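Beneath this line is the structure, given in structure tokens, with notes to follow.
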Amino acid sequence: MSFVITTPLYYVNDKPHLGSVYTTIICDVIARYKRLVGENVIFITGVDEHGLKIQRTAIEKRVEPMAHCDEISEIFKVNWKNWNISFDKFIRTSSKHHEMVVNEFYERVKGSDDIYMGVQKGWYCVGCEEFKDNPENSKTYKCPIHQRNLEWKNEENLFFRLSKYQEQIEKIINNPTFIEPIERRNEIINFVSRGLKDFSISRTNVSWGIPVPDHNNHTFYVWFDALLGYVSAISSNGTDNSLEMSINGGWPADIHLIGKDILRFHAVYWPAMLISAGMKVPKKVLGHGFLTREGQKMGKSLGNVLDPDILLSKYGNDPVRWYLIKDISLGNDGDFQDKRFVDIINNDLANTIGNLLNRTLSMSRKWFDNKVPNIEKISSENKLKYLAKISVEKYINKLDIYKLDQAANEVLSLAINTNLYLNDNQPWLLIKENDKLPLVKEIIYDVLESTRIIGLLLLPLLPELSSKIDIQLGSMYQKEIPWKDQLRWGLLISNSTLPQPDPIINKLEYE
Ligand SMILES: [Zn+2]
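Per my numbering, residue 10 is the first one in the sequence shown, and the count goes up by one each step.
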């Protein structure tokens with residue numbers, strides 16, 4: 010059994026923006042966590058390359074569409090490497106392999122008698138690559154997302170019989186775990202209750218697309234082709250019968266993580282297409298919110314777009330990840346505020362987690378010759394051990410239901426409690442009394458042990474910081490031993506040598 014998680018396949022009109030970075034980081038956290046608990050993860054990302062918008066962008070740039078796509082898809086790949094994203098598959102929808110899967114899929118859908126020729130009339134947004142339902146005053150109506158005029162289309166298209174699947178789709182979306190969060194689910198239930206209409210799956214005026222095998226002048230509608238990227242990604246090395254290979258190789262997806270603007274495609278059209286092809290539907294569609302900056306929508310015209318490349322080079326991976334994971338409740342909209350960012354990183358990572366490690370290591374250095382204190386045995390009745398156990402349990406429960414912000418807060422609260430434990434026990438006073446040495450040893454051991462667990466809990470959230478903490482504690486983490494087993498209290502080796510201290514996180518300045 011595999012655990013398949015996907016980011017959206019990003020449209021290659023531009024390099025990744027902060028929203029795509031956010032989505033991809035969230036998927037990365039979930040993928041890393043699932044690997045740690047022993048799942049066979051297939052983490053899929055990639056690019057969606059076809060369609061009228063790309064065709065026009067390429068014409069404006071005076072290059073071939075493929076040359077444009079090569080350039081942008083490479084930028085995406087490099088970006089995900091820079092952000093330390095642990096993806097397993099990167100799919101390009103312009104690949105030959107993908108085209109083969111689309112053709113095989115199309116044959117299946119045709120075999121279910123779900124394709125027919127019809128006429129498509131309506132107002133179209135090229136930005137969305139989507140028909141808008143009968144906007145009033147269409148001549149002056151602009152797409153609310155793209156703020157541009159719609160275009161009138163009247164052409165022969167192939168249609169998919171979505172209406173046939175009304176009841177089946179209702180049944181699927183009524184399952185409360187299929188669409189999350191609940192607000193998103195309600196939107197879709199509403200949409201579906203108005204009655205599903207067949208939708209067109211081909212175009213006659215778009216050359217930059219996959220040709221429809223039995224209709225020479227048609228290419229597949231970009232969404233029909235792009236959604237199948239999730240499937241073709243699984244069998245990315247296959248040749249013949251690739252669709253079959255994908256079905257046997259891990260399909261269906263366990264989670265499609267997407268922005269709320271493309272929910273309809275994933276939660277309605279896509280499941281119907283899959284049922285028609287005799288395939289399983291995804292288990293969950295998680296719709297996240299939009300990101301604003303200082304309370305304002307980000308946009309080129311407003312000149313307030315936050316460039317993720319600049320964030321990464323200025324602050325590094327861990328601070329940006331921590332902010333996006335902890336400050337945004339997955340499913341809700343999020344806001345990036347410069348001051349708040351600096352405050353959160355300084356409070357949580359520098360003052361709480363970084364400082365906890367620093368002060369404890371410096372005491373170990375001074376009093377125990379740069380070693381983990383040599384203790385007789387690990388006491389069974391121990392306040393910190395109890396607190397760590399509770400935090401670990403809560404953290405796992407939260408990650409199991411994708412409450413990433415709450416899981417992050419659980420790690421933070423263990424770090425706060427550990428600092429308090431140190432402050433309450435005041436080993437720097439006890440060390441002055443000769444007979445208190447065994448007690449001081451126990452206290453320092455406990456704090457180091459709790460810090461080790463904090464580092465392990467950070468592994469899916471902040472892999473780089475987690476590894477730095479581990480190194481400072483003498484590289485205790487062992488890949489070949491199940492991660493959950495290593496969350497048990499008391500595994501830090503008494504009397505083992507600690508390496509030279511090295512700061513794990515720097516404080517940020519607010520400009
Ligand atoms: Zn639009």
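For every residue, glycine included, the Cβ atom is placed at its ideal position computed from N, Cα and C.
Everything numeric in this text was worked out from a predicted model, so none of it was measured.
CB contact flag (residue i, residue j, <8 angstroms)
{"i": "Y150", "j": "L408", "result": "no"}
{"i": "N166", "j": "G127", "result": "yes"}
{"i": "A281", "j": "L171", "result": "yes"}
{"i": "I243", "j": "W260", "result": "yes"}
{"i": "K90", "j": "I51", "result": "no"}
{"i": "E58", "j": "S103", "result": "yes"}
{"i": "K1", "j": "H77", "result": "Residue 1 cannot be examined here, being either before or after the span of the chain that is shown, 10 to 520."}
{"i": "I478", "j": "S373", "result": "no"}
{"i": "V381", "j": "I502", "result": "yes"}
{"i": "L272", "j": "I197", "result": "yes"}
{"i": "I513", "j": "G363", "result": "yes"}
{"i": "H106", "j": "S251", "result": "yes"}
{"i": "L470", "j": "A397", "result": "no"}
{"i": "V118", "j": "F169", "result": "yes"}
Buried versus exposed, by CB contacts within 10 Å (16 or more), residue i
{"i": "N434", "result": "buried"}
{"i": "K394", "result": "buried"}
{"i": "S29", "result": "buried"}
{"i": "V314", "result": "exposed"}
{"i": "H155", "result": "exposed"}
{"i": "A262", "result": "buried"}
{"i": "Q129", "result": "buried"}
{"i": "T361", "result": "buried"}
{"i": "S484", "result": "exposed"}
{"i": "R212", "result": "buried"}
{"i": "L548", "result": "Since the displayed the chain opens at 10 and closes at 520, residue 548 lies outside it and no answer follows."}
{"i": "G55", "result": "buried"}
{"i": "P17", "result": "buried"}
{"i": "M254", "result": "buried"}
{"i": "E518", "result": "exposed"}
{"i": "D123", "result": "buried"}
{"i": "Q487", "result": "exposed"}
{"i": "P328", "result": "buried"}
{"i": "I319", "result": "exposed"}
{"i": "N504", "result": "exposed"}
{"i": "I35", "result": "buried"}
{"i": "D378", "result": "exposed"}
{"i": "R101", "result": "buried"}
{"i": "R157", "result": "exposed"}
{"i": "E138", "result": "buried"}
{"i": "I191", "result": "exposed"}
{"i": "T33", "result": "buried"}
{"i": "N88", "result": "buried"}
{"i": "N226", "result": "exposed"}
{"i": "I68", "result": "exposed"}
{"i": "L555", "result": "The question about residue 555 has no answer here: the residues shown for the chain are numbered 10 through 520."}
{"i": "L429", "result": "exposed"}
Nearest-angstrom beta carbon gap, residue j and residue i [assumed within contact, 8 angstroms]
{"i": "P222", "j": "Y115", "result": "7 angstroms"}
{"i": "T369", "j": "V240", "result": "Actually they are not in contact, since the Cβ atoms of T369 and V240 sit about 50 angstroms apart, beyond 8 angstroms."}
{"i": "Y404", "j": "L295", "result": "Rounded, the Cβ-Cβ distance is 19 angstroms, inconsistent with contact."}
{"i": "P491", "j": "G47", "result": "7 angstroms"}
{"i": "E458", "j": "S388", "result": "About 11 angstroms separates the two Cβ atoms, so there is no contact after all."}
{"i": "I182", "j": "V201", "result": "6 angstroms"}
Ligand 3 heavy atom lying under 7 angstroms from the CB of residue i
{"i": "A76", "result": "Ligand 3 is not among the ligands present in this structure, which contains only ligand 1."}
(message) Using a Cβ distance threshold of 8 angstroms, determine whether the segment 50–63 contacts the segment 348–357, with at least three qualifying pairs required.
(response) Put simply, the segment 50–63 does not touch the segment 348–357. Fewer than three CB pairs are less than 8 angstroms apart.
(request) Give a yes or no on contact between the segment 298–306 and the segment 334–342, applying the rule of three or more CB pairs nearer than 8 angstroms. (result) yes
(message) Could you check whether the segment 327–336 touches the segment 230–247, counting it as contact only if at least three pairs of C-beta atoms, one from each stretch, sit closer than 8 angstroms?
(response) For the pair of segments examined, the segment 327–336 was found not to touch the segment 230–247: the number of CB pairs separated by less than 8 angstroms stays below three.
(message) Which residues neighbour ligand 1 when neighbourhood means a C-beta less than 5 angstroms away from any of its non-hydrogen atoms? List them by chain order.
(response) Result (chain order): C134, G136, C137, C152, I154 and H155.
(message) Does the segment 456–469 come into contact with the segment 488–502, if we say contact requires no fewer than three beta-carbon pairs (one atom in each stretch) closer than 8 angstroms?
(response) yes
(request) State whether the segment 194–209 contacts the segment 265–278, with contact taken as three or more CB pairs (one from each stretch) at a distance under 8 angstroms. (result) yes
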